[in-house]
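Asker: Here it is, the structure, as structure tokens.
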Amino acid sequence: MDRLDNPVHRDAWGSTTAIPRLLGIDPDGGPCSELWMGAHPAAPSRVERAGVTHSLAEVIRADPETELGAAVTGAYGPRLPFLLKVLAAARPLSLQAHPSRSQAAAGFADEERRGVAPDDPGRNYSDADHKPEMLCALTEFHALCGFRAVAETIDLLETLTVPDLDPDLQALRSGPDGSGVRRVLDRLLHLPDIERTSLVQAVSNRCAELVAADGAHAREAQTVL
């Protein structure tokens with residue numbers, strides 16, 4: 241059995257204390273968002289063998305069947321087929337959209353062909369995997385997945401009564417099959433900065449009112465805030 245030295249990511253949304261406490265070290269005051277345990281090329285764990293430190297990816301690549309077993313290498317190739325992350329969120333995480341298996345493979349191949357650097361902010365695919373995820377909450381944790389039913393979203397927007405959302409309300413009413421959701425999402429993602437800032441402020445103000453009233457959609461409003 242090997243002792244792993246695991247990389248810690250420092251995204252701004254991370255807790256300043258949770259991961260240091262887990263590792264038994266003193267916090268330095270900075271955010272620690274994710275502890276990665278695995279062989280991902282972007283940030284592999286490290287392992288010591290015969291007094292020499294190697295990345296876990298190198299160790300597996302040197303002798304995959306010994307490290308992973310024949311069944312795993314036969315099914316997934318000479319690589320660790322999962323990445324274990326310990327997340328410590330002090331603030332809401334950014335939204336994520338995960339591709340299908342075929343989209344991930346094609347997108348990664350395209351960015352590799354075009355020479356997009358792994359650390360390029362505009363890069364979308366860090367590898368060819370589609371990244372199905374499983375969440376196991378160690379403390380209280382609220383996760384949102386997918387889109388709520390169109391009828392529920394219409395009810396929410398009607399409760400918000402923010403005039404700048406009227407085009408989205410109309411799109412949802414005219415596209416109950418889900419096409420309206422796609423149009424709304426596309427519009428919101430492409431709003432000019434000035435309009436987006438104004439909309440965020442208007443929605444935030446209205447959500448604060450809903451939370452104070454503790455009525456319909458107060459919980460959703462609290463999530464926004």
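The numbering used here puts the first residue of the sequence shown at 241, with every later residue one more than the last.
Glycine included, each C-beta is placed from N, C-alpha and C at the ideal position.
Since this is a predicted model, take the numbers as computed values, not measurements.
#1: Decide if the stretch 363 to 374 is in contact with the stretch 387 to 400; the criterion is three or more beta carbon pairs, one per stretch, under 8 Å apart.
#2: When the Cα atoms are used, what is the spatial distance from D318 to F381?
#3: Quick one: which unbroken beta strand (DSSP E) runs of 3-plus residues sit fully inside the stretch 370 to 413? Chain order, please.
#4: Select from C385, D245, V421, L333 the residue whose C-alpha is nearest the C-alpha of A279.
#5: Can you find a C-beta in chain C that's less than 9 Å from the C-beta of G415?
#6: Can you have a look at G420 and say buried or exposed, based on whether 16 or more other CB atoms are within 10 angstroms of its CB?
#7: Whole angstroms are fine: how far does the CA of V443 sit from the CA of A456?
#8: Between the stretch 241 to 261 and the stretch 320 to 339, do three or more beta carbon pairs fall short of 8 Å?
#9: Assuming A330 and P271 make a contact with CB atoms under 8 Å, what is their CB distance in whole Å?
#10: Count the other CB atoms, across all protein chains shown, that sit within 10 Å of the CB of I434; report buried if there are 16 or more and exposed otherwise.
#11: Quick one, are the C-beta atoms of S273 and S255 less than 9 Å apart?
#12: Let me check understanding here. Comparing Cα to Cα, which of G362, V464, T401, E449 lies closest to G347?
#13: Name the DSSP bridge partner or partners of G254?
#14: Should C385 be labelled buried (16 or more other beta-carbon atoms within 10 Å of its own) or exposed?
#15: Applying the 10 Å Cβ sphere with the 16-neighbour rule, what's the burial state of V292?
#16: Between which two residues does the beta strand (DSSP E) holding L431 run?
#17: In terms of alpha-carbon separation, which member of D251, P432, V424, E460 lies closest to S334?
#18: Give the single residue among L450, L375, A310 whose Cα lies nearest to the Cα of L397.
#19: Taking all protein chains shown into account, do 16 or more other C-beta atoms lie within 10 angstroms of the C-beta of V287, making it buried, or fewer, making it exposed?
#20: Do you know how far the Cα of D350 is from the Cα of T401?
#21: Once the 5 residues before and after A297 are set aside, which same chain residues still bring their CB inside 7 Å of it?
Answerer: Let me spell this out:
#1: The stretch 363 to 374, when compared against the stretch 387 to 400, does not touch it at the 8 Å Cβ threshold.
#2: Looking at the sequence itself, residue 318 is Pro, so the reference to Asp does not match. A direct Cα-to-Cα measurement between P318 and F381 gives close to 34 Å.
#3: As far as the stretch 370 to 413 is concerned, it has no whole beta strand (DSSP E) run of at least 3 residues.
#4: Closest by alpha carbon: D245.
#5: Any reference to chain C falls outside this structure, which holds one protein chain only.
#6: Result: buried.
#7: So the alpha carbons of these two residues sit roughly 15 Å apart.
#8: Yes, the stretch 241 to 261 touches the stretch 320 to 339.
#9: Correct: roughly 7 Å between the Cβ atoms.
#10: Around the Cβ of I434, a 10 Å sphere holds fewer than 16 other Cβ atoms; the residue is exposed.
#11: Yes; because the gap between Cβ atoms is below 9 Å, this pair is in contact.
#12: Of the listed residues, the one whose Cα sits closest to G347 is G362.
#13: Note: G254 sits in a beta bridge opposite A329.
#14: Result: exposed.
#15: Sixteen is the threshold: since fewer than 16 other Cβ atoms of the shown chains lie within 10 Å of the Cβ of V292, the residue is exposed.
#16: That residue, L431, is in no beta strand (DSSP E); it is neither H nor E in DSSP.
#17: Nearest option by C-alpha distance: D251.
#18: Residue L450 holds the alpha-carbon nearest to the alpha-carbon of L397 among L450, L375, A310.
#19: Burial call: buried.
#20: Here the C-alpha atom of T401 lies approximately 43 Å from the C-alpha atom of D350.
#21: Annotation for A297: A279, P281, P284 place their beta carbon closer than 7 Å to its own, counting only its chain and skipping 5 residues before and after.
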